[in-house]
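Per my numbering, residue 181 is the first one in the sequence shown, and the count goes up by one each step. We put the CB at the ideal spot given by N, CA and C, even for glycine. Remember, predicted model here, so these are calculated numbers, not experimental data. Below is one structure, written out as structure tokens, with a few remarks after it.
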Amino acid sequence: MVSKAVKFFNGEYIKEDLIEYRNYQNNIIKKCSSKNSLVVLPTGLGKTIIGILLISHRLKKYPIKGKVIILAPTRPLVHQHLSSCQKFLDVDHEKIVSLTGKISPEKRINLFRNSQIIISTPQVIKNDIMRGRYSLSYVSLIIFDEAHRTHGNYSYNFISNEYIKKCSDPLILGLTASPGKDYERIQSLCQNLFVENIIFKTYKDNDVKNYVYDIDTILERVELPVFIIEISQIIENIFNKFLQFFIDRDLINSYKRYYSKMDFLNITNDLTFSLNYGDVYNSHDFDDEFQIQLYYQDPKIIDIVRNNKLNIHSIYSYCSSCISLLHAKELLETQEISLFQSFLDKLELKSELDNLAAKRIISSKHFKLIKDLLKRKSSDICHPKINNLLSIIQEEYESLNNEKFLIFTQYREMAQYLKKRINKQFGKDLIAEKFIGQSSKIDDPGFSQHRQIDIIQKFRETKINILIATSVAEEGLDIPNVDCVIFYEPVPSEIRLIQRRGRTGRNSSGRCYILLTDGTVDVPFYKVSLRKENKMMKVLSIPEELSLQEDLNRERICFENQEKKFSQSAILKSYRERREKEKQCLANRSIEQILDKLDEFATSEKCKDYKNQGVTFLSEVMDINRTKLKKGVFKMKKANKKKKTKRKRYLNNNVKTLINLADTYNIDGKLKFEEFKELAEFEEIIEDKFYIHFNRACYLGYLKKENDFVYFLKEAD
181 MVSKAVKFFN
191 GEYIKEDLIE
201 YRNYQNNIIK
211 KCSSKNSLVV
221 LPTGLGKTII
231 GILLISHRLK
241 KYPIKGKVII
251 LAPTRPLVHQ
261 HLSSCQKFLD
271 VDHEKIVSLT
281 GKISPEKRIN
291 LFRNSQIIIS
301 TPQVIKNDIM
311 RGRYSLSYVS
321 LIIFDEAHRT
331 HGNYSYNFIS
341 NEYIKKCSDP
351 LILGLTASPG
361 KDYERIQSLC
371 QNLFVENIIF
381 KTYKDNDVKN
391 YVYDIDTILE
401 RVELPVFIIE
411 ISQIIENIFN
421 KFLQFFIDRD
431 LINSYKRYYS
441 KMDFLNITND
451 LTFSLNYGDV
461 YNSHDFDDEF
471 QIQLYYQDPK
481 IIDIVRNNKL
491 NIHSIYSYCS
501 SCISLLHAKE
511 LLETQEISLF
521 QSFLDKLELK
531 SELDNLAAKR
541 IISSKHFKLI
551 KDLLKRKSSD
561 ICHPKINNLL
571 SIIQEEYESL
581 NNEKFLIFTQ
591 YREMAQYLKK
601 RINKQFGKDL
611 IAEKFIGQSS
621 KIDDPGFSQH
631 RQIDIIQKFR
641 ETKINILIAT
651 SVAEEGLDIP
661 NVDCVIFYEP
671 VPSEIRLIQR
681 RGRTGRNSSG
691 RCYILLTDGT
701 VDVPFYKVSL
711 RKENKMMKVL
721 SIPEELSLQE
731 DLNRERICFE
741 NQEKKFSQSA
751 ILKSYRERRE
761 KEKQCLANRS
771 IEQILDKLDE
781 FATSEKCKDY
791 KNQGVTFLSE
801 VMDINRTKLK
811 KGVFKMKKAN
821 KKKKTKRKRY
831 LNNNVKTLIN
841 LADTYNIDGK
851 LKFEEFKELA
861 EFEEIIEDKF
871 YIHFNRACYL
881 GYLKKENDFV
891 YFLKEAD
């Protein structure tokens, strides 16, 4: 039973009588008001409100010049946080801003300087900090939303490190519903965010249970009809034939009970990694840092290939064939026959374009048998999940008067198919709409941020009754509460399971239906997600076993030199002057990284071993002068900027944008290709559209791609 709200959170910087008082939220704020904290809270328990309350606490401590940054991984989430801050915080709206890559650097500098609360995606903040456009010295709080992303090269890591270095009184708040599947991942997250304190709440906690309702998880099992089983068995026969290629060459374990797409992706990833780092791999310096990148450790894939003189191109091609077959089998068994047929059509098209992996499948006699069976199938045959789903909606609507549903599915094509089927059956009473992300292909434009917000609003107003969503609806977005959530298929991720399930049971008892096809990948996927969730719960229930940050000395932030610092980095006479300063800043960062690596190596055990063997290092006999090195790096940067006089050519806006992105974000004239694609995605230059305009920029000599890097060659005319 949910307790009746009798009071609100009120106080300085909080708008009166807007935030309902909840005891567990008050307890959390007490614990994280002075320590870097990771707050793990199930979806629906108000992580955003925790952030709002902590912001008000820090604004009291640093009321005039202190700043707060909220980081969120997507632009829709940034927009959502902006709306929440404006709604709940008693702060001038002009002092609450959002930063995006579409805003010019000059304007971002001004906005950062004149605002109290800055909300942004992490990539924008990272790139601005690296170029010295502003500092984190006067930021009293940084909130990392969806903190479970703080791994690898994600920008959260850079920002947290920079913040701890620069700010004398840092405070970090990490918010997530699911920090990771095991001890290692959670420990890594805590280390990356300098966590001093973990706060973990479940629906069963004494201070929480009075504010939540029960969620019933209902497993709906279905069995495949004979027709689908027959086709599935034929695919299995083709797959086993191709699998023998790997077994005969000792590339895969022949005794495995189950083979997944990941088995073959891991082979290609290991092979690609080993080929890219061949020189390092063959040396005795192939240490743990590289070793950990490989999935197959003993024996390693590259060793098997070289020892047996295997054809690398054939391995890649057969991996692609096996992955395609497993994907086709998954679509047939767990999705819908029409999606399966569509995928076969794509394979035939690839075969016509001389794709060897596709040709290998299409030329099989078994494939022709599948096509014949599909031609003879009855028009009313569909996957049993479809009728089961429609029955659930019918029963909920008629027996429980439920008019709001949230359906999760993995594939966009499935979302479109379900939308048509549901509207056909319930069109007079219930309206269904799909909800998908922005990244898309040319033939599928996806949904813009504006359209996503519009659909959510219509769903809130019950102008739309059934939302059929892909993973875009899992993370953070303020989708209205529903009493019924349906998984069209299980997901093998504890994070996605928790986020999906948490969309119900907020205002009344909720039901979570999971459709599962017996004898298919649905079964292991469901078991894996439960196992990972239980493992995560076990780790979080004993936080003392985690190694947390200690001895983080804090001193009150001094704002005396703030105006002077801003005048140096922000109020520059011209764009050209700022660019010169940013190049110097990047040169300084580059050289500091080089010297830090040298210092780190000089104190390592490996360096001692080399010295014991009589090895002398250049850094010991030469004076490494930081000033000279900085000048050298700066000179190299300037050399990359020399203009060449060539005939002016027409550049469309997308090509110009890509060139300007490379110009703005390059380090030493280059940046990683994947990072470049991410930046382009923020400008909505994606998929085929990206490659068309990127190739144009390369052809005209503005950019160049080499290995995994994009090189900036010259500015746009």
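Closest Cα partner of residue i within the set the options
i    : options                   : result
F380 : D396, N372, A357 and R401 : A357
R255 : D308, H237 and V652       : V652
K614 : K608, F585, K885 and C878 : F585
E886 : F874, L859, K894 and F853 : F853
G286 : K267, D270, D308 and I418 : The question names Gly, but residue 286 in the sequence shown is Glu. Ranking K267, D270, D308 and I418 by Cα distance to E286 puts D308 first.
Y706 : L726, L512 and S673       : S673
N535 : S518, H563, L511 and S504 : S504
R486 : R429, T514, K509 and K526 : R429
L677 : I646, D663 and E713       : E713
A595 : K509, R293 and Q515       : Q515
L831 : I866, I847, N875 and Q729 : N875
T301 : R640, A538, S335 and F422 : S335
K187 : R202, F889, I481 and I194 : R202
L841 : K869, Y879, L455 and E895 : E895
K643 : G607, I408, T397 and Q618 : G607
I561 : L404, L529 and L291       : L404
I646 : N687, L570 and V719       : L570
E513 : Y193, Y363 and I411       : I411
Within 8 angstroms, strictly: CB atoms of residue i and residue j
i    : j    : result
L883 : Y891 : yes
I659 : I636 : yes
G690 : I395 : yes
I352 : S368 : no
S348 : K241 : no
Y204 : D443 : no
G231 : Y318 : no
K211 : N390 : no
P243 : T382 : no
F523 : H546 : no
D863 : T844 : The amino acid occupying residue 863 in the given sequence is Glu; Asp does not appear at that position. Not a contact, by the Cβ cut-off of 8 angstroms.
H563 : I602 : no
S276 : I229 : Note on identity: in this sequence residue 276 is Ile, with Ser being the wrong assignment. No. Outside cutoff.
G224 : G682 : yes
I722 : H328 : no
I648 : P670 : no
I322 : I249 : yes
L373 : G354 : yes
E400 : N568 : yes
Start and end residues, alpha helix (DSSP H) containing residue i
i    : result
L351 : Neither: L351 is in no alpha helix (DSSP H) and is coded neither H nor E.
C265 : R255 to F268
T151 : Not covered by the structure: residue 151. The range shown for the chain is 181 to 897.
K215 : It is not in any alpha helix (DSSP H) - K215 carries neither H nor E in the DSSP assignment.
V392 : Counting along the chain, V392 falls outside any alpha helix (DSSP H), and DSSP gives it neither H nor E.
F426 : V406 to D428
K638 : Q629 to R640
R680 : E674 to R681
V662 : Careful: V662 lies outside any alpha helix (DSSP H) and carries neither H nor E.
Sheet register partners of residue i (DSSP bridge)
i    : result
A612 : I646
T223 : In DSSP, T223 forms no bridge with anything.
R401 : L696
N377 : S217
F667 : F588 and I694
G191 : I194
F892 : L883
D396 : R691
Extent of the continuous beta strand (DSSP E) run through residue i
i    : result
K247 : K247 to L251
D702 : Note, D702: premise wrong, no beta strand (DSSP E); alpha helix (DSSP H) at D702 to S721.
L586 : F585 to F588
S278 : I276 to L279
E200 : I194 to E200
Any non-hydrogen atom of the ligand ADP within 7 angstroms of residue i CB
i    : result
L455 : This structure simply doesn't include the ligand ADP, nor any ligand for that matter.
ask   = Which ranges would you report for the alpha helix (DSSP H) in the stretch 837-889 if only whole runs of at least 4 residues count?
value = 853-862 and 867-879
request  = Return the chain-ordered ranges of every beta strand (DSSP E) run that is complete within the stretch 287-374 and spans a minimum of 3 residues.
outcome  = 297-300, 319-325 and 352-356
message = Ignoring anything shorter than 4 residues, give me the alpha helix (DSSP H) runs that lie fully in the stretch 499-545, in order along the chain.
response = 517-532 and 536-542
request  = Could you pull out every unbroken alpha helix (DSSP H) segment of at least 4 residues lying fully inside the stretch 552-600, listed in chain order?
outcome  = 564-579
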